[in-house]
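Numbering (the working numbering), first residue to last: 90 to 551.
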């Protein structure tokens, strides 16, 4: 017999060998279950720590990925500020998709954590309930509890595995999206890099050409060397393009000034097609005072007018940094008519351009020359006609003056005759009055106051 003291009521009671063995077995089973429970709790805590560690790692990876992605997107935005709007929209859409996937993954992780926590609480509750009743349960019930615990453990493992698999799949998808965005960013960066490298290379080549040209011009084309350069360039193509052209230095300084070169070209009939007055200006890079192109335009226009040239062209290396003159052929018609300012490389093109334009109007010039010749004949005829008209007018003037003199004399004679006529008319009127008076005389009137004569007439009458 064995005496056992109850830990609750402190009462002692005896049991036989079989009962003691059964209780001892229960105690051992209880210790075993306790140890099993402790180990399960330890495993659960380890799994919880592993899950939290995985969660923290995934969160850290997500944060690092998001931070890297944000940094990369910021860098992409800064680099793509000058790119097209479509690239910005594509980057924005990719960013929104990545952020959406990141939020979805975070929500999935939160949901998995909640489910795992709920399962753990449920398992702990079930385990606690079973452990409270383990002293009164039988070995078979303990075994069933173990089976249930194993099932719960398997379910927990399955749930954790499934959650981890979902997280890993979402993480892989996120990594793939990030890789795709990085690839697109790299492609865009490479495209922009190639584009800008091409532009930079072209600009560097242009700068090298300009530097080389400036170096050559500063040593070979100062002063008269520019004139020699233009003359050499023209002589190289004279036989091919300007066989009937005249291109020589202007040595006529009778008017006080002269240009550098005169270009003239005529057709087979001798009709002038075009004429150009050229002035070449250059200065050394070491010159203290820098001249401007506008300083020579007035004198060039005067030389063009005095030498009878149709166009004036200033071939200039002055103001090398002026973008207006570096752009090409510059017309200054707003200042002086038919005047251009060019760089030396446009010397032959300006001649060809003006010559072709003048050739197109050659037909009209020929017709104009014919009209001028006809006008010369007409002018000569008009001069002869004017000579005849002037001689005829002179004779007419003399005859007219003599005729006017005769008219004046006739007028004078008419006046004299009119006076004579008036005198005769007056005499006739006096004679008529005298006749009227004589006709009116009677003896009675004569003797009215003369009694002697009255007596005498009376005696004669008797």
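Idealized CB from N, CA, C, for every residue including glycine.
What distance in whole Å lies between the Cβ atoms of residue 347 and residue 392, which are believed to be in contact at a cut-off of 8 Å?
Here residue 392 refers to the residue found at position 303 when the chain shown is read from its first residue. Here residue 347 refers to the residue found at position 258 when the chain shown is read from its first residue. Confirmed, about 6 Å.
Please go through the stretch 393 to 439 and give each complete alpha helix (DSSP H) segment of 4 or more residues, from N-terminal end onward.
Segments of the alpha helix (DSSP H) lying fully in the stretch 393 to 439: 412 to 415.
Rounded to whole angstroms, what is the Cα-Cα separation between residue 156 and residue 284?
By one-based count along the chain shown, residue 156 stands at place 67. By one-based count along the chain shown, residue 284 stands at place 195. One C-alpha to the other measures close to 29 Å.
As assigned by DSSP and simplified to three states, the class of residue 537
Start at 1 with the first residue of the chain shown, and residue 537 comes out as number 448. Residue 537 falls in the coil class under three-state DSSP.
Would you say the stretch 405 to 412 touches the stretch 442 to 453, given that touching needs at least three Cβ pairs under 8 Å?
Touching, no, given that fewer than three Cβ pairs across the two stretches are closer than 8 Å.
Among 319, 459, 468 and 473, the one whose alpha carbon lies nearest that of residue 350:
One-based indexing of the chain shown puts residue 350 at position 261. From the listed residues 319, 459, 468 and 473, the smallest Cα separation to residue 350 is found for 319.
With a CB to CB cut of under 8 Å and the five nearest residues on each side skipped, what residues in its chain are close to residue 528?
Counting from one through the chain shown, the residue named residue 528 turns up at place 439. Cβ neighbours of residue 528 beyond the five flanking positions: none.
Using the Cβ count rule (16 or more neighbours within 10 Å means buried), how would you classify residue 138?
In the chain shown, counting from the first residue as 1, residue 138 sits at position 49. Exposed: under 16 other Cβ atoms inside 10 Å.
Taking the beta strand (DSSP E) that residue 564 belongs to, which residues open and close that run?
Only positions 90 to 551 of the chain appear in this structure, which leaves residue 564 out of reach.
Range of the contiguous beta strand (DSSP E) that encloses residue 361
Walking along the chain shown from the start, residue 361 turns up at place 272. Note, residue 361: beta strand (DSSP E), 361 to 370.
Cα-Cα separation, residue 465 to residue 457
For this step, residue 465 is matched to residue 376 along the chain shown. For this step, residue 457 is matched to residue 368 along the chain shown. Rounded to the nearest whole angstrom, the C-alpha separation of residue 465 and residue 457 is 12 Å.
In whole angstroms, what separates the C-alpha of residue 149 from that of residue 196?
Position 60 of the chain shown holds residue 149. Position 107 of the chain shown holds residue 196. Each residue's Cα considered, the two are about 15 Å apart.
Between which two residues does the beta strand (DSSP E) containing residue 338 stretch?
Residue numbering aside, residue 338 sits at position 249 when the chain shown is read from its first letter. That run of the beta strand (DSSP E) goes 334 to 338.
So is residue 247 buried or exposed if we call it buried at 16+ other beta carbons inside 10 Å?
On the chain shown, position 158 is the one that residue 247 refers to. Its Cβ having fewer than 16 others within 10 Å, residue 247 is exposed.
Apart from the five residues on each side of it in sequence, which residues of its chain come closer than 7 Å, Cβ to Cβ, to residue 355?
In the chain shown, the residue the question calls residue 355 occupies position 266. Result list for residue 355: 333, 361 and 362, in chain order.
Does the stretch 471 to 490 come into contact with the stretch 365 to 373, if we say contact requires no fewer than three beta-carbon pairs (one atom in each stretch) closer than 8 Å?
Result no; under three Cβ-Cβ pairs closer than 8 Å.
Own chain partners of residue 200 with C-beta closer than 7 Å, once the 5 adjacent residues on each side are dropped:
The residue labelled residue 200 in the question sits at position 111 within the chain shown. So the list is empty, once near-sequence residues are dropped.
Note down, in chain order, each residue of its chain lying with its Cβ closer than 8 Å to the Cβ of residue 310, except the 5 sequence neighbours on either side.
Along the chain shown, read from residue 1 onward, the residue named residue 310 stands at position 221. Note that residue 310 scores a pLDDT of 46, beneath 50, so its modelled location is shaky; the value from the coordinates is reported in the next line. Result list for residue 310: 318, 371, 406 and 433, in chain order.
So, using beta-carbon positions, are residue 445 and residue 408 closer together than 8 Å?
Counting from one through the chain shown, the residue named residue 445 turns up at place 356. Counting from one through the chain shown, the residue named residue 408 turns up at place 319. Cβ distance not < 8 Å, so residue 445 and residue 408 don't count as in contact.
Residue 549, buried or exposed, once every other Cβ within 10 Å from all chains shown has been counted against 16
The residue you call residue 549 lines up with position 460 of the chain shown. It is exposed - the Cβ of residue 549 has fewer than 16 other Cβ atoms within 10 Å.
Let me confirm a value: residue 401 is counted as buried when at least 16 other C-beta atoms fall within 10 Å, else exposed. Which label applies?
Walking along the chain shown from the start, residue 401 turns up at place 312. It is buried - the Cβ of residue 401 has at least 16 other Cβ atoms within 10 Å.
Suppose the cutoff is 8 Å on Cβ atoms and the five residues either side in sequence are ignored; what does the same chain contact list for residue 441 look like?
For the purposes of this step, residue 441 is taken as the residue at position 352 of the chain shown. Once the five neighbours on either side are set aside, the close Cβ partners of residue 441 are 330.
Could you tell me the alpha carbon to alpha carbon distance between residue 328 and residue 423, rounded to whole angstroms?
Within the chain shown, the letter at position 239 stands for residue 328. Within the chain shown, the letter at position 334 stands for residue 423. Looking at the two C-alpha atoms, the distance is approximately 35 Å.
Using C-beta distances below 7 Å, list every residue in its chain close to residue 339, excluding the 5 sequence neighbours before and after it, in chain order.
As a first step, residue 339 must be located in the chain shown, where it is residue number 250. The answer, listed in chain order, is 347, 348, 349, 350, 351 and 396.
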